[in-house]
Amino acid sequence: MRRASGRSAKRARRPRRPLPALRRPHLSKEHARLVRVAARARRRAYAPYSQFPVGAAVLASDGTVYAGCNVENASYGLALCAERVAIHTAVANGRRRLTAVAVVGPAGITLTPCGACRQVMEEFGVQNVILASPRGAPTLVAFPALLPSPFPQVAARGRHAGL
Ligand SMILES: [Zn+2]
3 MRRASGRSAK RARRPRRPLP ALRRPHLSKE HARLVRVAAR ARRRAYAPYS
53 QFPVGAAVLA SDGTVYAGCN VENASYGLAL CAERVAIHTA VANGRRRLTA
103 VAVVGPAGIT LTPCGACRQV MEEFGVQNVI LASPRGAPTL VAFPALLPSP
153 FPQVAARGRH AGL
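Heads up: the sequence shown is residues 3 to 165, going by our numbering.
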C-alpha cells in the first residue's frame, strides 16, 4: 500500500554490519568507573516519551568524570542525548580534552551513539567509547571505528582554501 505522497510506507533498510574494531576487553579501572557512573546517570534519565533511558559518562584528560542522561521534551526535537549532556557538562566545567565516553542503554541492547553525538565526541578528542548495558559485558570501541570521516574542524573554522 502506498501513501498519498507516493512514497512507500516501508523504508528500505541497509543490512546491519558489525562494528569494526570491536573488542571485548577487560576494562581499565577508569573505564569500569565510567560505566558505573553512566549506569547511575541512566536512572535519572527523563524519557517519558520514548521510555528509552540512556546514561553516559565522560572521562576528561585530567581524570575528572561527568555524567549525563537523555532529557526529552514534549516538543520532540528538543530532546538531548545522554552523551551530549555529559560532554557539554564537562565543557561547562572547563574540560575540553576528553578521552573516553561510556554509554549505558537498556538491557539486551548494545547501544551505539547517534551520528550527532559522534561528531561532538570528535570535537573534543574522544579516543574510546565503551558500550554497556545493565547486564552483559561492555564493549570498548576505538573512536575512529564509530566516525571514520568526521566533519573537519578546519572547515568549520573557515580556514580551508577559498575563504
Ligand atoms: Zn546522540
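Heads up, the beta-carbon is just placed ideally off N, CA and C, and yes, glycines get one too. Treat the numbers as computed from the prediction; the structure is a model and nothing was measured.
For residue i, the first and last residue of its enclosing beta strand (DSSP E)
i: residue 143; result: 141-144
i: residue 131; result: 130-134
Beta-carbon gap between residue i and residue j smaller than 8 Å
i: residue 72; j: residue 88; result: no
i: residue 140; j: residue 61; result: no
i: residue 57; j: residue 42; result: yes
i: residue 128; j: residue 103; result: yes
i: residue 137; j: residue 94; result: no
i: residue 150; j: residue 131; result: no
Exposed unless 16 or more other CB atoms sit within 10 angstroms - verdict on residue i
i: residue 156; result: exposed
i: residue 54; result: exposed
i: residue 126; result: buried
i: residue 154; result: exposed
i: residue 99; result: exposed
i: residue 158; result: exposed
Residue span of the alpha helix (DSSP H) that contains residue i, given as start and end
i: residue 93; result: 84-94
i: residue 157; result: 155-158
Three-state class that DSSP yields for residue i in the structure shown
i: residue 116; result: coil
i: residue 78; result: helix
i: residue 149; result: coil
i: residue 29; result: coil
i: residue 69; result: strand
i: residue 56; result: coil
Check: residue i C-beta below 7 Å from any heavy atom of ligand 3
i: residue 125; result: Inclusion of ligand 3 in the displayed structure is not the case, the ligand content consisting of ligand 1 alone.
Contacts around residue i, its chain only, beta-carbon distance under 7 Å, and the 5 residues preceding and following it disregarded
i: residue 117; result: none
i: residue 160; result: none
i: residue 2; result: For the chain, the structure presents residues 3 to 165; residue 2 sits outside this window and is missing.
i: residue 75; result: 81
6 Å Cβ shell around residue i - same chain, five flanking residues per side excluded
i: residue 23; result: Unreliable positioning characterises residue 23 in this predicted model, as indicated by a pLDDT of 48, which lies under 50. A coordinate reading is not provided.
Close-in-space but distant-in-sequence residues of the same chain around residue i (CB under 8 Å, 5 per side omitted)
i: residue 91; result: 60, 68, 69 and 70
i: residue 101; result: 61, 62, 63, 127, 128, 129 and 130
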